Amino acid sequence: MSAMEKSGTAVQPQEFHQDIAAKWFLMSSVSYFAIVAIIALIIAAKFVWPEFLGSIQYFTYGRMRPLHVNGMLFGWLLAADIGLSFYFIPRLCGVKLWSEKLGVATAILWNIIILGAVFALPAGYQKGLEYADLPTPLAVLVVIAWLMYGFNIFATIYSRKYEQMYVSTWYLMATILWTAFVYLTGNFATLFTTGVNQANLNWMYTHNAVGLIFTPAGLAVAYYFIPRTSNTPLFSHKLSMVGFWSLAFVYVWTGAHHMLHGPITQWLQTISIVFSIMLLIPVWAVVYNFIASMKGQWHQLGENVSLKFLMSGTIFYLLTCFQGPMHSLRSVNAIVSKTDWIPGHAHMAVMGAFSFFAMAGVYHVVPRIFGTKLHSETLANWSFWLFLIGGLGMFTSLWLGGFWQGWQWSTGNIKFIDTVIALKPVWVVRLLSGVLIATGIYTFMFNIWSTALGTKLPQGESAAV
Amino acid sequence: MLSKTDKNATLFIVVALGLFFIGGLLTTVLPPLLDKSWSKPFENNDPSKGPTGKLVQYTPLQQKGYEIYIREGCKYCHTQQTRTLLSDVTSKGAGSGWKGVDAPVSTPDEFVYDYRQTFGTKRTGPDLSRVGGKYNRQWHKAHFNNPRDLVPGSIMPPFPWIANNPDELDALVAYLQTRGRAKNWRPDNDYEQ
Numbered sequence: 001m002s003a004m005e006k007s008g009t010a011v012q013p014q015e016f017h018q019d020i021a022a023k024w025f026l027m028s029s030v031s032y033f034a035i036v037a038i039i040a041l042i043i044a045a046k047f048v049w050p051e052f053l054g055s056i057q058y059f060t061y062g063r064m065r066p067l068h069v070n071g072m073l074f075g076w077l078l079a080a081d082i083g084l085s086f087y088f089i090p091r092l093c094g095v096k097l098w099s100e101k102l103g104v105a106t107a108i109l110w111n112i113i114i115l116g117a118v119f120a121l122p123a124g125y126q127k128g129l130e131y132a133d134l135p136t137p138l139a140v141l142v143v144i145a146w147l148m149y150g151f152n153i154f155a156t157i158y159s160r161k162y163e164q165m166y167v168s169t170w171y172l173m174a175t176i177l178w179t180a181f182v183y184l185t186g187n188f189a190t191l192f193t194t195g196v197n198q199a200n201l202n203w204m205y206t207h208n209a210v211g212l213i214f215t216p217a218g219l220a221v222a223y224y225f226i227p228r229t230s231n232t233p234l235f236s237h238k239l240s241m242v243g244f245w246s247l248a249f250v251y252v253w254t255g256a257h258h259m260l261h262g263p264i265t266q267w268l269q270t271i272s273i274v275f276s277i278m279l280l281i282p283v284w285a286v287v288y289n290f291i292a293s294m295k296g297q298w299h300q301l302g303e304n305v306s307l308k309f310l311m312s313g314t315i316f317y318l319l320t321c322f323q324g325p326m327h328s329l330r331s332v333n334a335i336v337s338k339t340d341w342i343p344g345h346a347h348m349a350v351m352g353a354f355s356f357f358a359m360a361g362v363y364h365v366v367p368r369i370f371g372t373k374l375h376s377e378t379l380a381n382w383s384f385w386l387f388l389i390g391g392l393g394m395f396t397s398l399w400l401g402g403f404w405q406g407w408q409w410s411t412g413n414i415k416f417i418d419t420v421i422a423l424k425p426v427w428v429v430r431l432l433s434g435v436l437i438a439t440g441i442y443t444f445m446f447n448i449w450s451t452a453l454g455t456k457l458p459q460g461e462s463a464a465v
Numbered sequence: 001m002l003s004k005t006d007k008n009a010t011l012f013i014v015v016a017l018g019l020f021f022i023g024g025l026l027t028t029v030l031p032p033l034l035d036k037s038w039s040k041p042f043e044n045n046d047p048s049k050g051p052t053g054k055l056v057q058y059t060p061l062q063q064k065g066y067e068i069y070i071r072e073g074c075k076y077c078h079t080q081q082t083r084t085l086l087s088d089v090t091s092k093g094a095g096s097g098w099k100g101v102d103a104p105v106s107t108p109d110e111f112v113y114d115y116r117q118t119f120g121t122k123r124t125g126p127d128l129s130r131v132g133g134k135y136n137r138q139w140h141k142a143h144f145n146n147p148r149d150l151v152p153g154s155i156m157p158p159f160p161w162i163a164n165n166p167d168e169l170d171a172l173v174a175y176l177q178t179r180g181r182a183k184n185w186r187p188d189n190d191y192e193q
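From first to last, the protein sequence lines stand for chains A and B. The opening position of the first sequence corresponds to residue 1 in our numbering, with each subsequent residue numbered one higher. The opening position of the second sequence corresponds to residue 1 in our numbering, with each subsequent residue numbered one higher.
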């Protein structure tokens with residue numbers, strides 16, 4: 001029996017929880033997902049038509065890209081993970097959220113930050129550090145919002161009814177703790193350094209934004225919703241501990257692998273490579289646990305949209321985390337680094353794995369907290385297939401294109417501009433894939449908003465959780 | 001000990017942060033203490049040790065151009081690092097070499113005065129770590145106005161609000177001309193102004 005079975009089984013009816021903070025975060029995250037999808041399409045279109053919106057400075061590529069990255073990471077994904085955690089942490093602890101009011105205040109502040117970014121970044125107020133592009137005043141607000149969120153979650157956990165904490169609870173606690181320091185490093189410590197020293201701190205942040213913010217937050221979501229939506233116990237509590245503690249030790253060492261062959265100390269590059277390879281341990285422990293939990297339950301995927309997203313997300317997680325360690329090998333890195341392969345890889349991690357987990361959670365949670373039924377199962381299925389096909393189209397076209405470009409560079413006798421012209425068909429495929437993904441996002445948003453605004457089911461009839 | 005962390009939240013916090021700080025401090029605080037090239041500006045007067053030259057502080061005009069480079073997010077498409085790879089040093093292919101001379105490899109001591117690191121992760125356009133002196137102001141003005149006029153097939157966006165603003169254009173070009181110039185890497189000194 002998993003800890004979740006012991007501690008998290010439905011003992012309180014849905015009405016016990018208010019879920020107001022969860023509603024705020026989830027509904028705004030879904031809306032930002034749709035808004036930032038437009039930015040994503042604009043920048044994909046610019047690769048095909050470089051003059052598109054080209055002479056308006058606010059829409060130039062170099063200003064749209066940070067808006068796309070920050071909007072998707074903080075406006076959609078992190079906000080969705082926060083909203084989902086406001087749902088599952090109280091349930092795993094058997095108590096109400098410590099303060100719904102504080103949660104709503106956090107959501108309002110979060111919205112102010114994202115709206116601030118929507119205006120500041122196109123206006124050229126970017127700090128100039130990748131992933132830490134938000135200007136310092138907004139970054140300070142992020143820190144405040146994070147303290148409010150962390151306090152609320154930890155206060156809930158410290159007042160819990162069940163002594164044993166389920167794996168989702170550890171992953172989320174770790175997300176909150178590590179994010180605090182990772183974010184401070186990337187956004188503030190960097191400001192007191194220059195050159196390579198700053199780059200090293202920047203990559204420590206960038207890499208751990210994925211590894212110690214989005215990974216543990218996403219895995220917390222997946223560890224909760226895979227057993228929950230399939231009504232199946234987790235395969236192994238012990239294995240989940242192996243995965244967690246190996247991640248906790250290994251991840252933070254790998255930042256310098258973003259500068260392989262570059263102007264940064266050799267031994268630091270080598271350390272980052274060694275630890276990047278070790279990342280296979282936490283990843284395979286987690287993926288084995290997820291897949292083994294599904295044993296004898298795979299038929300459920302046919303009728304369960306959340307489970308479709310969760311298990312495809314698991315496969316993408318496995319693939320992206322196999323690519324990562326392989327990219328860090330010097331010989332592979334010499335070909336793929338700085339090419340279009342890298343955005344292909346990054347999108348599989350953040351969209352293919354962690355956004356899939358978050359969407360699964362949103363599809364499961366929104367009908368329950370609003371006391372309604374999912375507006376349309378058919379549309380939900382459509383959104384899944386649009387995401388899957390669009391995603392695969394984007395990932396594979398960028399990998400192939402990037403690999404091809406890397407080989408061309410390494411010949412040493414093809415002019416740079418010719419390697420750009422060669423990639424034009426790839427960027428057309430990426431734009432078309434982007435249109436599919438964006439259609440998936442709009443289908444998802446429409447379905448979720450219609451569910452939230454739908455007719456309330458009579459009390460007691462909503463699914464008990 | 002780890003087996004108790006799923007019951008004791010405080011123990012969990014201590015261990016999770018402890019493991020994080022081991023790797024975090026050893027990979028961020030320790031390296032600059034051990035490798036002085038991260039903080040000591042490049043200077044070499046001995047031709048037998050590679051390119052000679054000296055890294056100097058940015059002038060106010062160059063600094064203004066640097067800030068424009070950051071404002072426009074140029075680093076999202078242009079790297080600034082000549083890596084230890086043929087693809088990067090060559091003058092015959094897609095590298096930063098120029099007119100028959102291969103580019104010297106970038107070293108940490110060339111970036112000591114950079115208030116924002118511009119190494120970049122994506123090379124959609126060519127690397128700029130040795131662009132200083134390759135093109136003159138006139139070329140840059142025409143290129144910022146419409147890159148495709150000079151480089152057919154380019155997908156770089158036009159920047160008319162810079163090309164048509166002499167103050168910004170001068171500043172940005174002044175910044176670009178500094179890139180890679182700490183190392184005096186062209187034997188014939190054939191740098192453009």
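Glycine residues also receive a C-beta, built at the ideal position from the N, C-alpha and C atoms. This one's a predicted model, so the numbers in the text were calculated from it and none came from an experiment.
Give the range of the alpha helix (DSSP H) segment to which residue i is assigned.
i	result
residue 101 of chain A	100 to 120
residue 289 of chain A	280 to 293
residue 241 of chain A	237 to 250
residue 15 of chain B	9 to 28
residue 141 of chain B	137 to 145
residue 380 of chain A	377 to 411
residue 65 of chain A	61 to 70
residue 90 of chain A	79 to 93
residue 139 of chain A	136 to 158
residue 323 of chain A	305 to 327
residue 208 of chain A	195 to 208
residue 27 of chain A	20 to 48
Taking Cβ-Cβ distances shorter than 9 Å, what residues in chain A pair up with residue i?
i	result
residue 144 of chain B	What residue 144 of chain B touches in chain A: nothing, since even the nearest Cβ is about 12 Å away.
With burial defined as no fewer than 16 other Cβ atoms inside 10 Å of the residue's Cβ, what is the status of residue i: buried or exposed?
i	result
residue 385 of chain A	exposed
residue 15 of chain B	buried
residue 443 of chain A	buried
residue 7 of chain A	Residue placement at residue 7 of chain A is poorly supported in this model, since its pLDDT is 44, which falls under 50; the coordinates still yield a value, given next. Burial call: buried.
residue 304 of chain A	buried
residue 299 of chain A	exposed
residue 153 of chain A	buried
residue 466 of chain A	In this structure chain A extends from 1 to 465, so residue 466 of chain A is not present and cannot be described.
residue 464 of chain A	Its pLDDT being 42, under 50, residue 464 of chain A is placed unreliably by the model, and the measurement read from it follows with that caveat. Per the 10 Å Cβ criterion, exposed.
residue 134 of chain A	buried
residue 21 of chain B	exposed
residue 208 of chain A	buried
residue 193 of chain B	exposed
residue 456 of chain A	exposed
residue 427 of chain A	buried
residue 29 of chain B	exposed
With distances taken Cα to Cα, identify the nearest neighbour of residue i among the options.
i	options	result
residue 358 of chain A	A/393, A/389, A/307 and A/176	A/307
residue 310 of chain A	A/104, A/223 and A/295	A/223
residue 147 of chain B	A/83, A/291 and A/417	A/417
residue 391 of chain A	A/355, A/367 and A/380	A/355
residue 287 of chain A	A/399, A/145 and A/322	A/322
residue 86 of chain A	A/458, A/18 and A/349	A/18
residue 473 of chain A	B/139, B/165 and B/124	Because chain A is modelled from 1 through 465, residue 473 of chain A falls outside the range shown and cannot be assessed.
residue 175 of chain A	A/221, A/187 and A/412	A/221
Would you mind telling me which residues of chain B sit closer than 8 Å to residue i, beta carbon to beta carbon, in chain order?
i	result
residue 177 of chain A	13, 16, 17 and 20
residue 126 of chain A	70, 71 and 73
List the residues of chain A that residue i touches, going by C-beta distances under 7 Å, in chain order.
i	result
residue 79 of chain B	338
residue 119 of chain B	199, 259 and 262
residue 185 of chain B	Simply none; closest approach about 15 Å.
Which residues in chain B sit within 7 Å of residue i, going by Cβ to Cβ distance?
i	result
residue 348 of chain A	Chain B residues near residue 348 of chain A: none, gap ~16 Å exceeds 7 Å.
Residue i: beta carbon under 7 Å from a heavy atom of the ligand MN?
i	result
residue 419 of chain A	Only the bare structure without any ligand can be found here, which leaves the ligand MN out of the picture.
**Message:** Check whether the region 138 to 153 of chain B and the region 107 to 119 of chain B are in contact - that is, three or more C-beta pairs closer than 8 Å.
**Reply:** no
**Message:** Check whether the region 334 to 345 of chain A and the region 107 to 115 of chain B touch, using three or more Cβ-Cβ pairs below 8 Å as the test.
**Reply:** no
**Prompt:** Does the region 249 to 264 of chain A come within contact of the region 197 to 209 of chain A, defined as at least 3 CB pairs closer than 8 Å?
**Reply:** yes
**Prompt:** Does the region 99 to 114 of chain A come close enough to the region 141 to 149 of chain A to have 3 or more Cβ pairs within less than 8 Å?
**Reply:** yes
**Prompt:** Can you find at least 3 beta carbon pairs, one from the region 267 to 279 of chain A and one from the region 40 to 52 of chain B, that sit closer than 8 Å?
**Reply:** no
**Message:** Assess contact between the region 28 to 35 of chain A and the region 63 to 76 of chain A, defined as three or more Cβ pairs (one per stretch) separated by less than 8 Å. Is contact present?
**Reply:** yes
**Prompt:** With a cut-off of 8 Å, do at least 3 Cβ pairs link the region 124 to 134 of chain A to the region 430 to 441 of chain A?
**Reply:** no
**Prompt:** Should the region 122 to 141 of chain B be called in touch with the region 86 to 105 of chain B, which here means at least 3 C-beta pairs below 8 Å?
**Reply:** yes
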